[in-house]
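Numbering (full-length UniProt numbering), first residue to last: 1 to 262. For each residue, glycine too, the CB sits at the ideal point set by N, CA and C.
The following block contains the structure:
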């Protein structure tokens, strides 16, 4: 029987269902992939904010990954919430087991409610352990500035490329602009820009949705530019059809389509 591409997600568990592993599973399935998952952290959170983060034992995570990758290959790897420098180091070793597999990194540095999710040591580990193996990193503008130490987003992108990322997609929802502008940076190319109507309200799991969509579409064989453009369209539609079940942010409707890439 024909196989759907297997997309490996490494991220945290969000009990609210808005972000993390559940978001990845929904987006990967909706776009035609098969999700495999490695949970990096447990969290105590709701749609308002993260109250606690409990990292998974790093040795257990590595054992799970090795067992999984001995069984089958994966078409793409998506990395979200990491949690600790020790887990970042384990993820670096996991990536070494699949050296040709495209890696999409969503650098989760803070929760939507503002709780910090990464300290100085973890940021250093992301820069040294993970960026050199990354095909595409998808920071929002505050994450791009914090990872790079640069205020200008153009300079931030250049810094992340210099650290080893092969492409950088900086999302602009946090910027004070009428429309949301997302920009794709690649060496030797002019920045690619896509503008989206700004939707009202705040959303929980938009970054997870976008990165997982990029990973799935790349795993399906689309080139980087096509995958990034289609992933943004899929994510915007998921946000446009979001629901607000709790007191805080709205949750994207990632299952608004189940027909594969459009």
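About 10 Å separates the beta carbons of residue 28 and residue 209, which is beyond the 8 Å limit, so they are not a contact pair.
Nearest C-alpha to residue 131 among 155, 166 and 99: 166. In the structure shown, residue 253 falls within a coil segment according to DSSP collapsed to helix, strand and coil.
Excluding five sequence positions before and after residue 150, the CB atoms of its chain that fall closer than 7 Å to its own CB belong to 156 and 159, given in chain order.
Residue 23 holds the alpha-carbon nearest to the alpha-carbon of residue 238 among 23, 90 and 82. Looking only at 176, 178, 134 and 189, the smallest Cα-Cα distance to residue 164 is reached by 134. Between residue 104 and residue 91 a beta carbon distance of about 13 Å is seen, past the 8 Å cut, so the two are scored as non-contacting. Contact between the stretch 25-44 and the stretch 4-11 is present: 3 or more CB-CB pairs across the two stretches fall below 8 Å. In this structure, residue 170 lies near residue 153, with their beta-carbon atoms less than 8 Å apart. Assigned with DSSP and collapsed to three states, residue 76 falls in strand. Contact between residue 191 and residue 183 holds: their C-beta atoms lie close to 5 Å from each other, under 8 Å.
Cβ contact annotation for residue 178 (same chain, cutoff 7 Å, sequence separation greater than five): 198, in chain order.
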